[in-house]
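Enquirer: My structure is below; once you've seen it, I'll send some questions.
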Amino acid sequence: MQRYYFPIIHNGQFQPDEEGEMFGSADLAREYGARVARDIASDPEFDRCAGTVVLVIDSAGAEIWRRVVVRCSAGASALR
């Protein structure tokens, strides 16, 4: 098991994940990161123009995945 962190960049501000989560593989951590991104995008109060990014960082500090959550554009309503 390894600890992975899921910080978020929202409106240009970095929001760290101080605790992280334990996963048996990087693939499972990426799946969790994708769920976090989907949860954010499904929030009816989510600002679609905020430029929100969900990151997955391993315990060594390396970025292993990122997802931009809905960019502001006409008709944008799904994850990219």
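Note that numbering that gives the first Met the number 0 gives residue 22 to position 23 of the sequence shown, counting from 1, and the numbers run on in steps of one.
Beta carbons: idealized from backbone N, C-alpha and C, even for Gly.
Since Arg29 and Trp64 are thought to touch, with beta carbons under 8 Å apart, how far apart are those beta carbons, to the nearest angstrom?
Expert: Confirmed, Cβ separation roughly 5 Å.
Enquirer: Is the Cβ-Cβ distance between Phe5 and Val53 less than 8 Å?
Expert: Yes. Within cutoff.
Enquirer: List the DSSP bridge partners of Met21.
Expert: Answer is Arg2, bridged to Met21.
Enquirer: Can you tell me whether DSSP reads Glu62 as helix, strand or coil?
Expert: In the structure shown, Glu62 sits in a strand (DSSP, three-state: E or B).
Enquirer: Between the beta-carbon of Asn10 and the beta-carbon of Gly60, is there less than 8 Å?
Expert: Cβ distance not < 8 Å, so Asn10 and Gly60 don't count as in contact.
Enquirer: Quick check on Gly32: buried or exposed, where buried means 16 or more other Cβ atoms within 10 Å of its Cβ?
Expert: It is buried - the Cβ of Gly32 has at least 16 other Cβ atoms within 10 Å.
Enquirer: Look at Arg2 and Gly23 and say whether their C-beta atoms are less than 8 Å apart.
Expert: No, these two residues do not count as a Cβ contact at 8 Å.
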